[in-house]
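In what follows, a single structure is set out as structure tokens and then discussed.
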Ligand code: MRU
């Protein structure tokens with residue numbers, strides 16, 4: 001996407017430095033954050049300086065490539081294995097991270113050049129997959145549709161274009177005038193901060209809603225369709241995505257509203273049979289109790305928005321059962337959330 005007239009990806013590599021748009025500073029400041037070592041890139045993933053399954057995958061791929069450059073000949077294998085485990089331990093839920101690390105690690109066993117090439121391929125593939133998802137997903141969007149989305153599954157989350165937002169960008173380009181309800185997405189507000197920022201800069205009409213509003217809008221026939229991204233889709237179609245996705249799917253099901261997941265093939269994990277096997281990341285309780293932002297004078301503040309002495313519980317993702325999902329918009333076509341269609345598309349692609 002273009003920011004201030006310059007084209008950016010969410011994450012990229014320059015020499016041995018991993019660069020990323022600092023998503024913790026958006027929408028208040030646009031900053032490029034540099035990670036000089038794979039350990040610094042790991043901290044950046046954990047701290048969510050970059051976030052969203054695809055961008056996490058690209059950052060993980062580049063981190064593994066950095067480790068390959070850092071490794072000395074004598075102990076290269078040990079170093080690479082430790083780096084692989086370190087990267088895998090940053091965030092457990094997004095499948096793209098594991099897909100990326102595995103592929104770059106295998107390439108690194110051959111040569112540094114090979115690792116760098118595969119890491120770049122993974123980042124490029126992620127961006128291209130987003131474009132394809134947009135083309136397929138656009139076919140579902142009719143003129144003036146009101147679409148609800150959760151979290152941020154735009155270009156910041158998938159390198160370019162996005163997963164859930166990509167069909168909306170394609171529909172806008174096709175002149176269909178989509179309108180977007182943007183879930184705030186507590187506790188880190190990826191919707192209110194990042195999705196709203198992306199849509200504003202793409203001139204797409206939208207309104208931010210607090211997380212409690214979605215079902216009310218659905219009941220009042222103000223939502224024609226829901227599209228969210230995914231962090232991991234397992235063999236039976238159960239899908240992990242940002243906490244709160246499940247409650248949107250349940251309400252959509254009750255009110256007969258189509259509920260779509262958008263994700264590239266690299267988000268599928270056929271090694272797990274169902275959603276109960278997905279590890280859900282638990283994050284620091286302070287994300288629930290504290291909020292950070294800028295005041296009107298441009299000064300950053302962090303304030304408590306909850307009783308500081310209470311404990312808080314902060315699971316980052318939930319699992320939406322396959323039966324609540326109308327379809328999955330992938331980079332190879334739109335499928336039903338069932339084992340047969342998932343296995344077929346991964347093996348053959350849409351014919
Ligand atoms: O915790 P985050 O912000 O990394 O979670 C992101 C999401 O849940 C997105 O909806 C998901 O990654 C799909 S976008 C590629």
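Residue numbers (the numbering used here): 1 to 351. For glycine and all other residues, C-beta sits at the position ideal for the given N, C-alpha and C.
Any heavy atom of the ligand MRU inside 7 Å of the beta-carbon of residue 242? Numbered from 1 along the chain shown, position 242 holds the residue referred to as residue 242. Within the cutoff, so yes.
Rounded separation between residue 248 and residue 77 - CA only: Against the chain shown, residue 248 aligns to sequence position 248. Against the chain shown, residue 77 aligns to sequence position 77. Near 45 Å, if we compare the C-alpha coordinates of residue 77 and residue 248.
Do you know whose CA, among 198, 98 and 109, lies nearest residue 412's CA? Lying outside 1 to 351, the shown extent of the chain, residue 412 is not represented and no answer is given.
On the DSSP letters alone, give me the boundaries of the beta strand (DSSP E) that residue 145 sits inside. The residue you call residue 145 lines up with position 145 of the chain shown. That residue, residue 145, is in no beta strand (DSSP E); it is neither H nor E in DSSP.
Do residue 167 and residue 107 count as a contact pair if the criterion is CB distance below 8 Å? Numbered from its first residue, the chain shown carries residue 107 at position 107. Numbered from its first residue, the chain shown carries residue 167 at position 167. No, the Cβ-Cβ distance between residue 107 and residue 167 is not below 8 Å.
Please name the residue or residues paired with residue 304 in a DSSP beta bridge. Along the chain shown, read from residue 1 onward, the residue named residue 304 stands at position 304. Note: residue 304 sits in a beta bridge opposite 290.
Cβ-Cβ distance between residue 22 and residue 49 below 8 Å: Taking the first residue of the chain shown as 1, we reach residue 22 at position 22. Taking the first residue of the chain shown as 1, we reach residue 49 at position 49. A contact, by the Cβ cut-off of 8 Å.
Taking Cβ positions, are residue 231 and residue 44 nearer each other than 8 Å? Start at 1 with the first residue of the chain shown, and residue 231 comes out as number 231. Start at 1 with the first residue of the chain shown, and residue 44 comes out as number 44. With respect to the 8 Å criterion, residue 231 and residue 44 are not classified as neighbours on the basis of their beta carbons.
Report the CB separation of residue 170 from residue 135 in whole angstroms; it is logged as a contact under 8 Å. Translated into positions along the chain shown, residue 170 becomes position 170. Translated into positions along the chain shown, residue 135 becomes position 135. Right, their Cβ atoms sit about 6 Å apart.
Closer than 7 Å: residue 190 CB and nearest the ligand MRU heavy atom: Against the chain shown, residue 190 aligns to sequence position 190. At least one heavy atom of the ligand MRU is nearer than 7 Å to the Cβ of residue 190, so yes.
Residue 128, enclosing alpha helix (DSSP H) - first and last residue: The residue you call residue 128 lines up with position 128 of the chain shown. That run of the alpha helix (DSSP H) goes 112-138.
Following a CB-centred definition, is residue 166 positioned closer than 7 Å to any heavy atom of the ligand MRU? Working through the chain shown from its first residue, we reach residue 166 at position 166. For the ligand MRU, not one heavy atom lies less than 7 Å from the Cβ of residue 166.
Alpha-carbon spacing of residue 351 relative to residue 241, whole angstroms: Locating residue 351 in the chain shown gives position 351, counting from the first residue. Locating residue 241 in the chain shown gives position 241, counting from the first residue. A caution first: residue 351 carries a pLDDT of 48, below 50, which makes its placement in the model too unreliable to give a value.
May I have a chain-ordered list of the alpha helix (DSSP H) segments no shorter than 4 residues that lie completely inside the region 142-212? 166-173 and 196-201
Drop a sphere of 10 angstroms on the beta-carbon of residue 11, count the other beta-carbons inside from all chains shown, and report buried for 16 or more, exposed for fewer. The count along the chain shown starts at 1 and reaches residue 11 at position 11. So residue 11 counts as buried.
Looking only at DSSP bridge pairs, what is residue 40 linked to? Translated into positions along the chain shown, residue 40 becomes position 40. The partner list for residue 40 (beta bridge, DSSP) is empty, contrary to what the question assumes.
Of the listed residues 269, 132 and 4, nearest to residue 97 (C-alpha basis): For the purposes of this step, residue 97 is identified with residue 97 of the chain shown, where counting begins at 1. The shortest C-alpha separation from residue 97 is found at 269.
Buried versus exposed call for residue 81 [16 or more other C-beta atoms within 10 Å across all chains shown]: Translated into the one-based positions of the chain shown, residue 81 becomes position 81. Exposed.
I'd like the list of long-range same chain contacts for residue 322, defined as Cβ closer than 7 Å, with 5 residues on each side in sequence excluded. Along the chain shown, one-based indexing puts residue 322 at 322. For residue 322, where only same-chain residues beyond five positions count, the Cβ hits under 7 Å are 236, 237, 238, 337 and 338.
Backbone secondary structure at residue 45 - three-state DSSP: Along the chain shown, one-based indexing puts residue 45 at 45. It is helical.
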